[in-house]
Structures are given as C-alpha cells and as structure tokens.
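Student: For the numbering used here, add 12 to where a residue sits in the sequence shown, where the first one is 1.
For glycine and all other residues, C-beta sits at the position ideal for the given N, C-alpha and C.
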Amino acid sequence: MRHGVLLLAALFSFAAVAAANGGENRPAETARAAAGSHLVFTSNRDGDEDVYAADTNGRVAALTRNRLRDGELVLAKNGKWLAVEREYKLVLISGDGRRERMLGGGTAVGFSPNSRLLAFSRGLDDERMFVVGVPSGRPRALGGGYPIAFSPSGRLLAFSTFSDALGVVDVITGRRTIFPRSQFLYFLGWSRDSTRLALLRSEERGETTVKILLVANLHRPSSPPLTLIRSGEDLGAEWLTPRQIGFVRNQNGEEGCEAGVISASGGAPRVIGPADCFFADWSPRGDRIAYTRRLTANADELVIRQADGSKTTVVAQGQVSGFQWSPRGAWLAVEAEEPQRLLVFRRDGRRLMRLALPEFQFSEAGSASSDERHLALEIPGGLGIVAVPQGKLRRVWTGTVKWEAQWVAGALPRSAPTAAPAPAPEVAKAGVLRSRGVVFELGSDGTRVAALLGESRVDCDHLVAWTAGTRRIVRFNRAEPCGDYRTYDFSVTLNGMHIRWKNFYCGNYCYVGGCSADIRRPQRRLCGEGDEVPRRPPRPAPPAETRQGVSIETTAGTIRLRRGADGRVRTIRPPGGAVDAELENNGLFYALGGERL
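1) Classify Asp471: buried if its beta carbon has 16 or more other beta carbons within 10 angstroms, exposed otherwise.
2) Please work out which residues of its chain come closer than 8 Å, Cβ to Cβ, to Ala577, disregarding the five sequence neighbours upstream and downstream, and give them in chain order.
3) Could you have a look at Met365 and say whether DSSP puts it in helix, strand or coil?
4) If you measure between the beta carbons of Asp293 and Trp337, is that distance less than 8 Å?
5) Closest to Thr173 by C-alpha separation, out of Leu115, Arg188, Ile571, Ala463, would be which residue?
6) Which word fits Thr42, buried or exposed, when buried means at least 16 other C-beta atoms lie within 10 angstroms of its C-beta?
7) Report yes if the C-beta distance between Thr325 and Gly298 is below 8 Å; otherwise report no.
8) Which residues share a DSSP beta bridge with Met114?
9) Can you round the beta-carbon distance between Gly134 and Arg140 to whole angstroms, since I take them to be within the 8 Å contact cut?
10) Buried or exposed: Arg460, going by 16 or more other Cβ atoms within 10 Å of its Cβ?
11) Distance check for Arg358 and Phe488, CA to CA, integer angstroms please.
12) Less than 8 Å between C-beta atoms, sequence neighbours within five positions excluded: which residues of the same chain meet that for Leu226?
13) Reducing DSSP to helix, strand and coil, say where Tyr521 ends up.
14) Could you pull out every residue in the same chain whose Cβ sits closer than 6 Å to the Cβ of Thr221, ignoring the five residues on either side in sequence?
15) So Val144 packs on Leu130, CB below 8 Å; how close in whole Å?
16) Does DSSP classify Lys404 as helix, strand or coil?
17) If contact is defined by three or more beta carbon pairs under 8 Å, each pair taking one atom from either stretch, is the stretch 493 to 501 in contact with the stretch 464 to 480?
18) Among the candidates Leu75, Val524, Glu371, Gly378, whose CA atom is the shortest distance from the CA of Gly341?
19) Which residue's Cα is closest to the Cα of Ala368: Asp58, Ser381, Lys404?
20) Take Ala491 as the anchor and find which of Asp473, Thr68, Gly117 has the nearest alpha-carbon.
21) Let me check understanding here. Comparing Cα to Cα, which of Leu80, Glu84, Lys441 lies closest to Val52?
22) Thinking Ser382 and Pro339 are a contact (beta carbons under 8 Å), I'd like their distance in whole angstroms, please.
23) How many angstroms separate the CA atom of Asp176 from the CA atom of Gly540?
24) Taking Val146 and Leu104 to be in contact with their CB atoms under 8 Å, please state how far apart those CB atoms are, rounded to whole angstroms.
25) Alpha carbons only, please: which of Trp478, Asp67, Pro433 is nearest the one belonging to Val444?
26) If you drop the 5 nearest sequence neighbours on each side, which residues of the same chain put their C-beta closer than 6 Å to that of Arg152?
27) Give the secondary structure of Lys92 by DSSP, where H, G and I count as helix, E and B as strand, and everything else as coil.
28) When DSSP labels each residue in this structure, what does Glu350 get in the three-state scheme?
29) Using the DSSP secondary-structure output, state which residues sit across from Gly122 in a beta bridge.
30) Do three or more CB pairs link the stretch 449 to 457 to the stretch 80 to 97 at distances below 8 Å?
31) Taking all protein chains shown into account, decide if Met114 is buried (16 or more other Cβ within 10 angstroms of its Cβ) or exposed.
32) Are Leu424 and His50 touching if we call contact CB-CB under 8 Å?
33) Along the chain, where does the beta strand (DSSP E) that runs through Ile316 open and close?
34) Unbroken beta strand (DSSP E) runs of length 3 or more, entirely within the stretch 237 to 271: which are they?
35) Between which two residues does the beta strand (DSSP E) holding Val450 run?
36) Quick check on DSSP: helix, strand or coil for Glu565?
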C-alpha cells in the first residue's frame, strides 16, 4: 500500500458547507518443449524492472519478483533459461521463473544456438570472456577481449581484442585466432556453415564516408579479410547462403539505394534492385528481397522481388512506415499509414491479412513468433498479439515495456507464477477519487474535475479528468513510472470537455509550454513551446477564486470560504490537511492527503 490522497466532491451549497463544518501450478514441464510460442519482456509497471512472460491466450506470468532493476534481457533459443543484469550482477533464471543462479559481476552476450552455453564478460578496463554451462556448469575463462556472437555451430565465439582487432575462439579448446589487419571492423554476421564472418569498415575520406564490406575466412586465418564491395554513406549486408551475401547500398551518398548479391569469394556483384529504393530487407530464406521506393512526396511503393531478378511484385502503395519478414520468410508484415493499418502479404505478394489499428509499432527484436502464427505489436499503453491470418488482436499487457518483447518457442510453463494485476494509480467511487500520488492542483466546471496528480512508485506525474459521483476516470498520460526525461505540469483549468495546462521541459534549453486536450480523445494532445526559462519554475500555490459571491483560498492545509455580502468566514480543516480546493455552482471540490490506496 502506498500513501495517497483523497479528491472529494461535496455536492452542496455554501450553507450546507457551513453546516457541515460543525460536524467534521501443474508439475514442472517436461524436457520436450510444448507446441506454441510465448513472449518474454521486462516492464517497470510495478515501479522497478521485472521480467514477465505472456502467451497468445492472454495468460501473463511474473518470472522475477523483486524490488531491483532486472535489465539487459538475454534469452536462450529454447526458452528454458534467460539471463538478466540485476544491480551489476549477472543472474541466470529458469524459463518458469522458479530457479535463479547468481553468476556474479558480468554482462551477458548470448546463449549458444543449442542453448547449452552462456557467453558473458567481466571487467571494465581489463575485460575478460567467459562461457558457462547452463544451468549448473562452472564459468570457464576464454582470455581477454569482448565477446560478440556464437557461430551457428556453437563451437566458435567471435570477439574483439583490446586493440579493436577481430578474432574467434574455440569454446571447447580455448584456441584463439586473430585476423590480421582487422582493427576497427564491425561484425555483421556468421556464414551459415560457420566458416566465414561478414565485416564492415567505415573510412572517412575528406568530407565523404565510405563503407566497405569484407569477409574473413577461417580456412585462411592468416590472410587479411577480403574486400568485396564499397559504398557511400550506407551499406547493409546479410548471409543468404554459405557462399553468398545479399547487400543493400547507397552508391553515391545521395537518397536512394540498390540491392544485390555477391559471392563471399569475391567477384563482381549482381545488382537485382533499383537505384531508387529507400528501405530494403532480405527474406530469411535469401530468395527474395522487399523494398520501398518513393512514388511521390507522400506515397511509397512496396515491392517484393525474387533474388534472381526473375519476378517483381508490387504489394502496396501509400505511406509505408516499416515492414518485417516472418522467421521462415512465409510472409511479410507491413505497417502502413493514413489510415494506419497492419498488412500481411504472402511471400508471393498475395495479401493474407489486413487489420485497422489506430496506433502500433513493430518490435526491433522481431515481431513474428517462430511458428509464424502470431505477431507481437507495441500498442498504446502495452503489448498486443495478432493472430495470423485471422487478424484478431488481443491485448496481453498493460504497462511500459522497457526491454523489447521477444518470442520463445514452446508454451508458457504452467509452473510460472501468474502475474499480479497491475497496481491501480487511482480509483473512483461515489464522491471520492483516490490517488497514489499527491494532488497538486484542481480544475473544475461543477460536474467534472481535472486533477494534476504527483509521482508515486508505480506512476509519474499525470493529469486525470473525473466525472464527480462516478467511477469514470480519463487519463491524459500513460500509467508508467517516471523516465529519464521528464516534463512537469501545472496550471490546470477545465472548461466542459476541454482541459488546458502548462508544462515545463528541458532540451538544450528549458521552456514553459502550453497543452490542451479533449476528455473524449485523451491521447490526442496538443503542446507548443513557450517562453524560455533559466530553471525549473516553482509550482504555483493554489489560487484564490470567487464563485457566487464567495471567495475561496487554501492555506496551511485549511479551506477558507468568505462570503462577499457580509464578510462571514467559514473554515474547513479536513483530516490530513487540504491541498487544493475549488468552489463551483454544484458544490465544493477539494483534495486532502494522509489516506492509503
């Protein structure tokens, strides 16, 4: 329970106010993974970062339950184990949250493809690499350096040295190989047969940046990485087969790109895409590429083209914000705008699904489940899962997701503890609104109340509108703990369905700006920059106001009402002390503290 305040609506006349003043679990899962998929993510919904899991049926489990920050989430492919960094300590956690193992200081890099090893590093200036058997093995040192990624075979681990050269280490024998002339190269990925590494070099030539794609070959470890192609400002590449790399490059440093294929052994690239694409992504099978190209200033064209250039299919036109292939490349999910909607196309370009959504975005960690039957989306205030191709959206989480949701193959273990309901930032009934944070200021029109509520452990400063005498509460901010970048609201006024307030925020400079919103559309807020200020302004004291010939002010925790006709004064001293008050035609609204929610 947290300390909170009461917001009271006493719906009676001044005479009534004066009169009232005188009387104040199933067994553990088997080794064989069950069918289906579930999401794992971290959220600070309860005031600190914990790990949660949610399945496609809407069940949510709490995998960690503590008052510490569980960040840097790393998942094993089989979903049976995960690693988090908790207060600078590395913790190994079972997929049902029932078991934890403290590994000491360190930063997790990733699990091996077979999920049997976890690679991590320790140290700051003298960083060292380790692998540990999951779940009960002893950490084994692999020498100095910074681990990057396991090979697909799981036998090798790519790393960078203290001098920024690249190499690989055999996790069984500990044998290390450093590629010559590999300083300041960026690792792109392992070939599918674990014999080559794609690398990227960035060079500054005067005012021009040149990107260079290279390949290091483990069959010739003493040879420097082989240069394949050069590009302008942008160059992306990924392995299509053990011997071929698909690339997307900007050739001249201008808008537009081209896509193509090149052999990992060198030679001339084969260009298959246009010279005017903007965003491009190869399918996981490597047999197709999806890209957008500009039609007009406000419209794009989304195209799927086969890698051999034999077929090109235009699948959508309009404003395309993003797209993602499913894990096996069976379909392509598309975020389209105006109106915003989710589109899904088969790999051959035929439309599979269309769903209108007011607001959503894909997760960078991958939105599609491994069985390609569901999409995870970040939606306003939480997470949603869309069934494909049925097009049904289910909200599975309410709260801010701090580390991106990632899919895990297999059903959510039934032994995982069910997550508790989200803490209520505020609740209302009859003539009372209870809040976890203090009330800084009120605004009222006699029927509704606008309140600026302060910070609590589970929520940041926020605004609400409440219809007095009902349970209906409208929030103008999402329920979430305060982030690193804050705005501070003040000067709340309410007029019918419209609320206005001011805020203080800082970027390079600090400003006071004005905001407005409609209670019927709380997510549509308009805010503008105002006057520059040197520092955070103080919160204004509750103003003195006059209603029906009665002046009202709140000082020292008391409410004083003074009638203008005869100067008669009535004083109200609520238990816990009044914070703010407003007298309207329909009665007196006031806020006090000292209660619990």
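Tutor: Checking against the coordinates, here is how it stands:
1) Counting the other CB atoms within 10 Å of its CB gives Asp471 a total of 16 or more, which places it among the buried residues.
2) Gly561, listed in sequence order.
3) Under the three-state reduction of DSSP output, Met365 falls in the strand class.
4) Closer than 8 Å, so yes.
5) If we check each option's Cα against that of Thr173, Arg188 comes out closest.
6) Unreliable positioning characterises Thr42 in this predicted model, as indicated by a pLDDT of 34, which lies under 50. The coordinate reading is nonetheless provided below. Burial is judged here by how many other beta carbons sit within 10 angstroms of a residue's own beta carbon; Thr42 has fewer than 16 and is exposed.
7) Contact check for Thr325 against Gly298 fails: the beta carbons are separated by 8 Å or more.
8) Looking at the DSSP assignment, Met114 forms a beta bridge with Val103.
9) Here residue 134 turns out to be Arg, not Gly, going by the sequence shown. Taking the Cβ atoms as the reference, Arg134 lies roughly 6 Å from Arg140, within the contact range of under 8 Å.
10) The residue in question, Arg460, is buried, as its Cβ has 16 or more Cβ neighbours within 10 Å.
11) The straight-line gap from Cα to Cα measures roughly 39 Å.
12) Here the set comprises Leu197, Ala210, Leu211, Leu212, Arg213, Pro237, Leu238, Thr239, Leu240.
13) Reduced to three states, the DSSP call for Tyr521 is coil.
14) Cβ neighbours of Thr221 beyond the five flanking positions: Glu245.
15) Going by Cβ atoms, the distance from Val144 to Leu130 rounds to 5 Å, so yes, they are a contact pair.
16) DSSP places Lys404 in the coil class of the three-state scheme, outside both helix and strand.
17) Flag = yes, the stretch 464 to 480 and the stretch 493 to 501 touch.
18) Selected option, being the one with the closest Cα: Gly378.
19) Scanning Asp58, Ser381, Lys404 for the CA closest to the CA of Ala368 turns up Lys404.
20) If we check each option's Cα against that of Ala491, Asp473 comes out closest.
21) Val52 has its Cα closest to that of Glu84, out of Leu80, Glu84, Lys441.
22) Taking the Cβ atoms as the reference, Ser382 lies roughly 5 Å from Pro339, within the contact range of under 8 Å.
23) Cα-Cα distance, rounded: 46 Å.
24) Under the criterion of beta carbons closer than 8 Å, Val146 and Leu104 qualify as touching, at roughly 7 Å.
25) Among Trp478, Asp67, Pro433, the Cα nearest to that of Val444 belongs to Trp478.
26) A distance below 6 Å between beta-carbons, with the five flanking residues on each side excluded, links Arg152 to the following residues of its chain, in chain order: Val143.
27) Per DSSP, reduced to three states, the secondary structure at Lys92 is coil, with no helix or strand assignment.
28) Shown here, Glu350 sits in coil according to DSSP, grouped into three states, outside any helix or strand.
29) As DSSP reads the structure, Gly122 sits in a beta bridge with Ala131.
30) The answer is no - the stretch 80 to 97 does not touch the stretch 449 to 457, with fewer than three Cβ pairs under 8 Å.
31) With fewer than 16 other Cβ atoms within 10 Å, it is exposed.
32) Contact check for Leu424 against His50 passes: the beta carbons are separated by less than 8 Å.
33) First-last of the beta strand (DSSP E) with Ile316: 311 to 318.
34) Complete beta strand (DSSP E) runs here, min 3: 238 to 243, 247 to 253, 256 to 261.
35) Per DSSP, Val450 belongs to no beta strand (DSSP E) and is neither H nor E.
36) Collapsing the DSSP output to three states places Glu565 in a strand.
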